[in-house]
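Participant:
Protein chains: 2
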Amino acid sequence: MENPITVEVTRGQLVESRHRGMAVVVDADGSVVFQAGDVDAAIFPRSACKAMQALPLVESGAADAFGFGYRELALACASHSGEPEHVAVAAAMLKAAGQNESVLECGAHWSSHQQVLLAQARTLEKPTALHNNCSGKHSGFVCTCVHTGEDPRGYAGYDHPLQEAIRSIMSDLTGAVLSRDTCGTDGCSIPTYAVPLTGLARGFGRLATGKGLEPIRAAAARRLIAACMAEPFYVAGTKRFCTKLMQVAPGKIFAKTGAEGVFCALLPEKGLSFAVKAEDGATRAAEAMIAALLARHYEADSEERHALMALANHGMTNWNGLAVGKVRVTDVLFH
Amino acid sequence: MENPITVEVTRGQLVESRHRGMAVVVDADGSVVFQAGDVDAAIFPRSACKAMQALPLVESGAADAFGFGYRELALACASHSGEPEHVAVAAAMLKAAGQNESVLECGAHWSSHQQVLLAQARTLEKPTALHNNCSGKHSGFVCTCVHTGEDPRGYAGYDHPLQEAIRSIMSDLTGAVLSRDTCGTDGCSIPTYAVPLTGLARGFGRLATGKGLEPIRAAAARRLIAACMAEPFYVAGTKRFCTKLMQVAPGKIFAKTGAEGVFCALLPEKGLSFAVKAEDGATRAAEAMIAALLARHYEADSEERHALMALANHGMTNWNGLAVGKVRVTDVLFH
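Chains as they are written, first to last, in full-length UniProt numbering: chain A, 1 to 335; chain B, 1 to 335.
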């Protein structure tokens with residue numbers, strides 16, 4: 001099926017570029033309350049599902065054993081910008097487990113965010129694995145292995161017991177059958193499993209509701225989601241979209257982006273779970289889509305709806321600060 | 001009409017993201033020899049048409065008066081990376097006309113290319129207008145005004161005589177009627193005019209063939225295209241796609257990118273002109289599309305086709321250098 005145009009980018013009086021996408025919202029029972037596009041197609045959640053991948057850290061007791069609070073748990077679910085605070089918390093997590101950055105298997109990269117990159121360039125010869133946007137997740141993986149007595153070496157591999165555990169969790173939460181055939185390698189080298197967008201939304205919904213989960217898993221999920229909502233800076237960073245979405249209604253919105261145009265979100269109090277994917281993988285489209293879908297579920301005149309729609313539909317300026325165009329969602333998503 | 005899927009991005013065994021696009025190839029008579037998607041839709045050429053915007057610099061005699069060679073002319077057609085050589089040539093162009101960077105109206109920005117940005121961060125407090133990717137074009141604008149006796153102040157504005165001249169040239173070359181209604185403001189603050197993709201391709205074809213142009217314009221156009229092909233580094237920069245495309249067959253391929261997924265190219269000896277636009281504005285898609293279309297016009301076993309297809313279809317690696325997926329064109333473009 002054709003995916004509808006969900007986001008337009010204008011310049012002057014014309015539409016310059018168009019993004020197509022898939023979007024789904026499910027309620028606390030997992031019933032679809034909104035859908036657009038091919039929501040049954042399998043997509044790679046990429047980093048959007050980090051909160052699922054962080055469950056073993058809490059379920060195993062590692063987080064408690066190492067005294068981790070909301071910041072550490074938020075960072076374990078993060079795609080952070082590599083700001084000094086992010087790097088410091090990742091390093092402290094590893095230190096708590098008697099480890100250091102040499103054990104990380106995520107690779108190193110400069111920050112993807114210009115202001116952070118400029119600061120890094122002026123203070124670092126080169127970035128380390130601690131600066132990788134996934135260093136909190138990987139530090140959580142290492143801590144889990146150390147606590148459970150598994151050898152952390154090779155923890156990013158498909159056959160490592162930790163990845164087997166995560167595979168089982170992902171299958172449990174999303175209802176999807178996962179195997180090597182539907183597995184890709186993520187940017188940080190761990191497996192990423194293709195799942196239908198609706199399954200991803202239902203899986204996130206279960207993180208919030210705990211429905212159908214073992215009590216220990218339900219409790220771990222609630223704690224991770226609470227951590228992200230309490231410490232949104234540690235989930236992303238300064239001026240980052242995930243952080244801004246969660247700051248719209250502190251403690252009431254969970255949101256997490258993934259590469260190639262994926263975004264997931266929760267409104268736990270409303271029992272709603274959201275997942276979107278831009279067909280072309282564009283982050284700007286996924287951001288607009290998730291913000292508009294969240295906005296639909298706030299009252300028309302509310303501050304939250306206003307703030308969310310300002311994130312969905314926004315002007316673009318050029319190098320001189322002149323207004324040149326807009327990013328806006330189509331009435332497929334909001335009208 | 002629906003634009004076809006022209007580029008796929010894979011991960012593991014699956015297609016993770018899909019790009020739709022429009023593409024057209026015209027021959028020396030302006031006849032369409034290949035088309036895909038809605039090639040009659042008006043698109044903003046953005047920086048892809050800089051060679052057209054540089055015509056007054058040569059036609060007016062300014063380029064000769066200031067002693068500009070191929071490097072200066074290539075830079076006048078460039079979206080450069082802000083490398084030291086680019087900045088130096090732009091500064092020298094302005095100096096030749098008795099001006100300096102304070103007259104530039106393009107605004108300032110850090111390089112969009114990470115290696116250059118890292119070097120800039122370590123040597124500059126902040127970038128100037130000379131580092132703007134359009135500084136060569138703008139320096140050419142200033143030189144044109146100085147030579148013709150126009151006041152350069154306000155040269156970026158819709159009503160300035162220079163922009164009126166460029167509007168007339170763009171209309172002459174593309175056959176499109178241009179007005180405020182179809183005008184947007186570009187990243188560097190000058191007007192950009194929406195034209196049908198086929199008109200853009202025909203306009204580029206005229207730059208190479210000179211057909212239907214006044215002799216002075218035909219000669220200026222040939223000189224600018226020759227300059228770009230002779231100095232591809234000055235059209236873009238280190239590891240940049242325009243530069244790499246032109247290096248595949250020195251002196252035989254002209255190529256220029258534009259923001260929001262536009263790419264134009266010429267094979268002057270074959271009398272062929274190319275224009276593509278990614279529906280979603282993605283650069284990676286436009287790059288793959290233009291490379292594959294150029295490849296079609298070389299012999300199956302030729303080095304040129306091999307090199308161009310390696311630019312069109314290429315593997316992607318992650319932070320650890322592991323192969324994770326591919327960018328590849330669909331059989332809409334190449335089979």
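The C-beta atom is built at its ideal place from N, Cα and C for all residues, glycine as well. Bear in mind that the values here come from a model prediction, so they are computed numbers and not experimental data.
Tell me the DSSP secondary structure of P232/A in three-state form.
Facilitator: As a working mapping, residue 232/A is identified with position 232 in the first sequence. Here P232/A sits in helix by DSSP.
Participant: Beta-carbon separation of E260/A and M22/A under 9 Å?
Facilitator: On the first sequence, residue 260/A is found 260 positions in, with the first residue counted as 1. On the first sequence, residue 22/A is found 22 positions in, with the first residue counted as 1. Taking 9 Å as the Cβ cut-off, E260/A and M22/A do not qualify as a contacting pair.
Participant: Specify, as a first and last residue, the run of the beta strand (DSSP E) that P84/B falls within.
Facilitator: As a first step, residue 84/B must be located in the second sequence, where it is residue number 84. Unbroken run through P84/B is the alpha helix (DSSP H), P84 to A96; no beta strand (DSSP E).
Participant: Is I43/B helix, strand or coil when you go by DSSP?
Facilitator: As a working note, residue 43/B is residue 43 in the second sequence. DSSP places I43/B in strand when its eight states are reduced to three.
Participant: Suppose you measure from the CA of H306/A to the CA of E287/A; what does that come to, to the nearest Å?
Facilitator: Locating residue 306/A in the first sequence gives position 306, counting from the first residue. Locating residue 287/A in the first sequence gives position 287, counting from the first residue. Distance between the alpha carbons of H306/A and E287/A is about 16 Å.
Participant: I'd like the ranges of any alpha helix (DSSP H) spanning at least 4 consecutive residues and lying wholly in the stretch 163-209 of chain A.
Facilitator: Complete alpha helix (DSSP H) runs here, min 4: 197-209.
Participant: Assess, as a yes-or-no matter, whether the stretch 287-297 of chain B is touched by the stretch 50-68 of chain B under the definition of 3 or more beta carbon pairs within less than 8 Å.
Facilitator: These segments do not touch.
Participant: Report, in whole angstroms, the separation of the C-beta atoms of G258/B and R46/B, which I expect to be a contact under 8 Å.
Facilitator: Counting from one through the second sequence, the residue named residue 258/B turns up at place 258. Counting from one through the second sequence, the residue named residue 46/B turns up at place 46. Indeed, because the Cβ distance is near 3 Å, the residues count as touching under 8 Å.
Participant: Using a threshold of 9 Å, state whether the C-beta atoms of residue 363/A and A249/A are closer than that.
Facilitator: In this structure chain A extends from 1 to 335, so residue 363/A is not present and cannot be described.
Participant: Distance cutoff 9 Å, beta carbons only. Does R206/A sit that close to anything in chain B?
Facilitator: In the first sequence, counting from the first residue as 1, residue 206/A sits at position 206. R206/A does not count as touching chain B.
Participant: Provide the residue span of the beta strand (DSSP E) that contains N8/B, from first to last.
Facilitator: Taking the first residue of the second sequence as 1, we reach residue 8/B at position 8. Note on residue identity: the sequence assigns Glu, not Asn, to residue 8/B. I5 to R11 is the extent of the beta strand (DSSP E) around E8/B.
Participant: At the 9 Å Cβ level, is E101/B part of the contact set with chain A, yes or no?
Facilitator: Along the second sequence, one-based indexing puts residue 101/B at 101. Not closer than 9 Å to any Cβ of chain A, the Cβ of E101/B fails to qualify, so no.
Participant: If contact means a Cβ-Cβ distance below 8 Å, which residues of the stretch 297-309 of chain A contact chain B?
Facilitator: Under the 8 Å Cβ criterion, the stretch 297-309 of chain A contributes no residue.
Participant: If the cut is a Cβ gap below 7 Å, which residues of chain A does G157/B touch?
Facilitator: Start at 1 with the first residue of the second sequence, and residue 157/B comes out as number 157. Here the premise fails: no neighbours, minimum Cβ distance about 11 Å.
Participant: Give me the Cα-Cα distance between I253/B and P268/B, rounded to the nearest whole angstrom.
Facilitator: Position 253 of the second sequence, counted from the first residue, corresponds to residue 253/B. Position 268 of the second sequence, counted from the first residue, corresponds to residue 268/B. Approximately 7 Å between the Cα atoms of the pair.
Participant: Would a check of beta-carbon distances place N313/B closer than 9 Å to chain A?
Facilitator: Indexing the second sequence from 1 puts residue 313/B at position 313. Chain A contact via Cβ: absent.
Participant: Output needed for H113/B: all residues of its chain with C-beta closer than 6 Å, excluding positions within five of it in sequence on either side, in chain order.
Facilitator: Taking the second sequence and counting its residues from 1, one reaches residue 113/B at position 113. If we look at H113/B and ignore the five residues flanking it on each side, its Cβ neighbours are S81.
Participant: Could you check if D38/B is buried or exposed, using at least 16 other CB atoms within 10 Å of its CB as the buried criterion?
Facilitator: Here residue 38/B refers to the residue found at position 38 of the second sequence. Flag for D38/B reads buried.
Participant: Taking the DSSP output, what are the residues bridged to L311/B?
Facilitator: For the purposes of this step, residue 311/B is identified with residue 311 of the second sequence, where counting begins at 1. Paired residues: none, contrary to the question.
Participant: Could you pull the DSSP bridge partners for Q35/B from this structure?
Facilitator: The residue labelled residue 35/B in the question sits at position 35 within the second sequence. Q35/B is bridged to V24/B.
Participant: Leaving out five residues before and five after N3/A in sequence, what residues of the same chain have Cβ atoms less than 7 Å from its Cβ?
Facilitator: Position 3 of the first sequence, counted from the first residue, corresponds to residue 3/A. Within the same chain, N3/A has close Cβ partners R20, G21, M22, G37, D38 and E279.
Participant: Are the Cβ atoms of D331/B and L197/B separated by less than 9 Å?
Facilitator: Counted from its first residue, the second sequence places residue 331/B at position 331. Counted from its first residue, the second sequence places residue 197/B at position 197. Cβ atoms of D331/B and L197/B: not closer than 9 Å.
Participant: For S171/A and chain B, any beta-carbon pair shorter than 9 Å?
Facilitator: Start at 1 with the first residue of the first sequence, and residue 171/A comes out as number 171. No, S171/A lies away from the interface with chain B (no Cβ there is under 9 Å from its Cβ).
Participant: Tell me which same chain residues have a C-beta within less than 8 Å of the C-beta of R284/A, skipping the five on either side of it?
Facilitator: Counting from one through the first sequence, the residue named residue 284/A turns up at place 284. Taken in chain order, the residues that qualify are V7, V9, H19 and V327.
Participant: Spatial neighbours of Y70/B within its chain, please: CB distance less than 6 Å, with the 5 preceding and 5 following residues excluded, ordered by chain position.
Facilitator: Here the question's residue 70/B lines up with position 70 in the second sequence. Contacts found: A227, A230 and E231.
Participant: By the 8 Å beta-carbon criterion, what residues does the stretch 15-44 of chain A contribute toward chain B?
Facilitator: Correct list: E16, S17, R18, H19, R20, A42, I43 and F44.
Participant: Using a Cβ-Cβ distance cut-off of 9 Å, determine whether T185/A contacts chain B.
Facilitator: By one-based count along the first sequence, residue 185/A stands at place 185. Yes, contact with chain B.
Participant: Quick check on this structure: which residue in G210/B, F334/B and T148/B has the alpha carbon closest to the alpha carbon of A310/B?
Facilitator: Position 310 of the second sequence, counted from the first residue, corresponds to residue 310/B. Residue F334/B is the option with its Cα nearest to A310/B.
Participant: Helix, strand or coil, according to DSSP, for E150/B in the structure here?
Facilitator: Here residue 150/B refers to the residue found at position 150 when the second sequence is read from its first residue. Correct three-state label for E150/B: coil.
Participant: Could you list the residues in the stretch 87-100 of chain B with a C-beta less than 7 Å from some C-beta on chain A, going in chain order?
Facilitator: Within the stretch 87-100 of chain B, no residue has a Cβ that lies closer than 7 Å to any Cβ of chain A.
Participant: Counting only beta-carbon separations shorter than 9 Å, does S189/B have a partner in chain A?
Facilitator: Translated into the one-based positions of the second sequence, residue 189/B becomes position 189. So, interface residue.
Participant: Taking 9 Å as the threshold (C-beta atoms), are G154/B and L75/B in contact?
Facilitator: Here residue 75/B refers to the residue found at position 75 of the second sequence. Here residue 154/B refers to the residue found at position 154 of the second sequence. Cβ atoms of L75/B and G154/B: not closer than 9 Å.
Participant: Which whole-angstrom value describes the C-beta separation of Y193/A and R167/A, a residue pair presumed to lie in contact below a C-beta threshold of 8 Å?
Facilitator: Locating residue 193/A in the first sequence gives position 193, counting from the first residue. Locating residue 167/A in the first sequence gives position 167, counting from the first residue. With 8 Å as the limit, Y193/A and R167/A qualify as a contact, their Cβ atoms being about 7 Å apart.
Participant: Could you spell out where the alpha helix (DSSP H) holding A285/B opens and where it closes?
Facilitator: By 1-based counting over the second sequence, the position of residue 285/B is 285. T283 to A295 is the extent of the alpha helix (DSSP H) around A285/B.
Participant: Please list the residues of the stretch 112-123 of chain B that have a C-beta atom closer than 9 Å to any C-beta atom in chain A, keeping them in chain order.
Facilitator: Here the close residues are Q114, L117, L118, A119, Q120, A121 and R122.
Participant: So for C264/B, helix, strand or coil by DSSP?
Facilitator: Residue 264/B sits at position 264 when you count from the first residue of the second sequence. In this structure, C264/B counts as strand in the three-state DSSP scheme.
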